[in-house]
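Enquirer: Have a look at this one before I ask anything.
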Amino acid sequence: MAPEPLLAGVSQHGVWLVFGNVLMQQLGLPVPVWPTLLVVGSLAAGWLDLAGALAAAVLAAMLADRLWYLLGRAHGYKVLALLCRLSINPGSCVTSTEQRFVRWGAVSLLAAKFVPGFSAVAAPVAGLVRMPVARFTLAAASGAALWAGLALLLGWLLRSQVAGLLAWMQAHGVVALLALGVALGLWLGSKVWRRQRFRRLAEMPHIEVDELLSALGSDAPPRVLDFRAPALIAEAGAIARATPVELRHLLRTVGGWPRDACIVTLCACPEDATAIRAAHLLQRRGFVNAQPLRGGHEAWLAAQGARDGAASGLREPVRA
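Our numbering puts the first residue of the sequence shown at 36, with every later residue one more than the last.
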């Protein structure tokens, strides 16, 4: 038999359970949502119950999305960097997903919640690029309805199978917990392995920002590849003599460059992830003098600020 007390509690408080679960997950907590939606959908007595659960899920998602939208609008790229640092694997930078959002616009919000990683950055990027509030709200709500509605509908259509699975879990509690633990361990293990793999890649030589500034003033300046997303370039300004590029277009961009050219890669992502990946790719293609800039965009801004401050100090009149 299925665990009746548990199912009765879920059936009675399903709307609030869905609301709380979705809200926590959309705010950034690593909690799964689809199992809850499947179970609540399987216990729905009819379309009215499904509609109530769907409304709760969409409302919770929109509360979280609106918060991230406002944070992205107020604080820009810093919010994306924070989200990436909170990840188990910050080496998987948000730059590519941000660029994808900029290319697709509001349409991307329809699929955002189905794509891990993309869901985390879609709302703050929408605020960063100043997407109109009405367009954002309509697209984000539609995406949330598709995401939650699919899970609730599947739960309702597969209610016999869901009840059977819950009954099996009750009858084989130890085995179920062991299987869940193994699955969780494999997931965490893959994340840790990817993190360690990135750490090994990150051990490559970097160029310091002072070295880069000196080299840019020489007779043979290096070629700088700027992997910052278009939204950040528009917000913070372009870097003089740097070539904006996406990682997927890297080899086409450098196709005619000499293999002994000095190339510096720069990004605005935690741990210089995209810049490191680009430098490794260039080295594998024979560009032996490719190096990432240590500290990326933040180091560049700090150096420019220090230089401007020093220049301002030199211009101050000498007082008697």
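From the three backbone atoms N, C-alpha and C, an ideal C-beta is built for every residue, glycine too. Please read these numbers as outputs of a predicted model, since none were measured by experiment.
Grab the span of the alpha helix (DSSP H) containing residue 273 for me, first residue to last.
Expert: DSSP places residue 273 in no alpha helix (DSSP H); its state is neither H nor E.
Enquirer: For residue 235, which of helix, strand or coil comes out of DSSP?
Expert: Looking at residue 235 - three-state DSSP - the assignment turns out to be helix.
Enquirer: Measure the alpha-carbon distance for residue 239 versus residue 325 and round it to whole angstroms.
Expert: 10 Å
Enquirer: Would you say the stretch 52 to 65 touches the stretch 93 to 102, given that touching needs at least three Cβ pairs under 8 Å?
Expert: yes
Enquirer: Check the C-beta distance from residue 278 over to residue 301 and give it rounded, since I have them as a contact under 8 Å.
Expert: No, residue 278 and residue 301 are not in contact; Cβ-Cβ is about 10 Å, not under 8 Å.
Enquirer: Thinking just about the alpha-carbon of each residue, which of 231, 229, 319, 179 is nearest to the one in residue 285?
Expert: 319
Enquirer: Compute the Euclidean distance between the alpha carbons of residue 295 and residue 323, then round it to the nearest angstrom.
Expert: 6 Å
Enquirer: What's the call for residue 241, buried or exposed, on a 16-neighbour Cβ count within 10 Å?
Expert: buried
Enquirer: With contact counted as at least three CB pairs below 8 Å, one residue from each stretch, are the stretch 160 to 180 and the stretch 97 to 111 in contact?
Expert: With a cut-off of 8 Å, the stretch 97 to 111 and the stretch 160 to 180 count as touching, because enough Cβ pairs lie within range.
Enquirer: Residue 298 lies in the beta strand (DSSP E); which residues open and close that run?
Expert: DSSP places residue 298 inside the beta strand (DSSP E), whose first and last residues are 298 to 301.
Enquirer: Tell me which residues share the same chain as residue 280 and place their Cβ nearer than 8 Å to its Cβ, disregarding the 5 neighbours each side in the sequence.
Expert: 260, 261, 262, 288
Enquirer: Compute the Euclidean distance between the alpha carbons of residue 150 and residue 253, then round it to the nearest angstrom.
Expert: Distance between the alpha carbons of residue 150 and residue 253: 45 Å.
Enquirer: Please list the terminal residues of the continuous beta strand (DSSP E) segment that includes residue 260.
Expert: 258 to 261
Enquirer: Please say whether residue 76 and residue 191 have beta carbons closer to each other than 7 Å?
Expert: yes
Enquirer: Compare the Cα-Cα distances from residue 256 to each of 166, 109, 275 and report the closest residue.
Expert: 275
Enquirer: Could you check the C-alpha separation between residue 258 and residue 308 for me, to the nearest Å?
Expert: 19 Å
Enquirer: Could you please give me the residues that DSSP links to residue 328 through a beta bridge?
Expert: 242
Enquirer: Taking the alpha helix (DSSP H) that residue 79 falls in, what are its first and last residues?
Expert: Following the DSSP letters along the chain, one finds residue 79 in no alpha helix (DSSP H), marked with neither H nor E.
Enquirer: Which residues in the same chain as residue 179 place their Cβ atom closer than 6 Å to its Cβ, once the five residues preceding and following it in sequence are excluded?
Expert: 93, 96
Enquirer: Can you give me the C-alpha to C-alpha distance between residue 164 and residue 189, rounded to a whole angstrom?
Expert: 35 Å
Enquirer: Mind checking residue 49: buried by the 16 CB within 10 Å criterion, or exposed?
Expert: buried
Enquirer: Compare the C-alpha of residue 118 against each of 65, 83, 80, 144 and name the closest.
Expert: 65
Enquirer: Do residue 89 and residue 184 have their C-beta atoms within less than 7 Å of each other?
Expert: yes
Enquirer: Check this for me: beta carbons of residue 186 and residue 82, under 7 Å apart or not?
Expert: no
Enquirer: The alpha helix (DSSP H) spanning residue 308 covers which residue range?
Expert: 308 to 319
Enquirer: Would you call residue 249 buried or exposed, if buried means 16 or more other Cβ atoms sit within 10 Å of its Cβ?
Expert: exposed
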